[in-house]
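Just so we're on the same page, our numbering is the position in the sequence shown counted from 1, plus 108.
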Amino acid sequence: TGGGWAAMAVVPVESSFLTSLNVDRKRALGRQKKREELLEDTANGKDILKHHSELQALADELDEKVEQKLSANEKAFFVAYKSFMFTVQKEFKELKQKADEEETKTRRDAKIQSLEKELDWFMNEALRLDELCKKYKKELDKWKGKADALEDDRQFLENQIKQAKR
109 TGGGWAAMAV VPVESSFLTS LNVDRKRALG RQKKREELLE DTANGKDILK
159 HHSELQALAD ELDEKVEQKL SANEKAFFVA YKSFMFTVQK EFKELKQKAD
209 EEETKTRRDA KIQSLEKELD WFMNEALRLD ELCKKYKKEL DKWKGKADAL
259 EDDRQFLENQ IKQAKR
């Protein structure tokens, strides 16, 4: 018996499946013959066999219809899933684009703030330099006034000396 298990382990799964199906078919045919032999001679035996055959066909048809419905529903599900994922992907791209735009806007705002600070510094520096200019201008005017006064004094003294020499 142990050798039988070893031999079964070597048989590929597909062939064992097909063999199993063949065994099931043979059993079903054997049962069918027994039914026919048992019911042939009864009064309603042929009707029973006919109804049994119809029920068997209906069961097979039902199995096919369920398989078709399942396949159709599976296809519909995958179509809906694909559509949904396309929508999600589209929304993801839109949100990423918005995030990139916001980041660009934030950088631009930071650059604007930096430039505004720089502008404030230059304006303050211009005011400081203007005050310094005015201060130096006053000092220049004061020294120019002193130089003019000295020039006038020099002219006066020069004229005094010339008159004294005459």
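Ideal Cβ placement from N, Cα and C applies to all residues, glycine included.
Check, Outcome
"Local conformation of GLU145 per DSSP, three classes", "helix"
"Boundaries of the alpha helix (DSSP H) in which ALA255 is found, first to last residue", "153-273"
"Backbone CA spacing between TRP251 and ILE220 [nearest angstrom]", "46 Å"
"Whether LEU157 touches LEU147 by CB criterion (8 Å)", "yes"
"Residues near GLY153 in its chain [Cβ-Cβ closer than 6 Å; skip 5 each side]", "LEU147"
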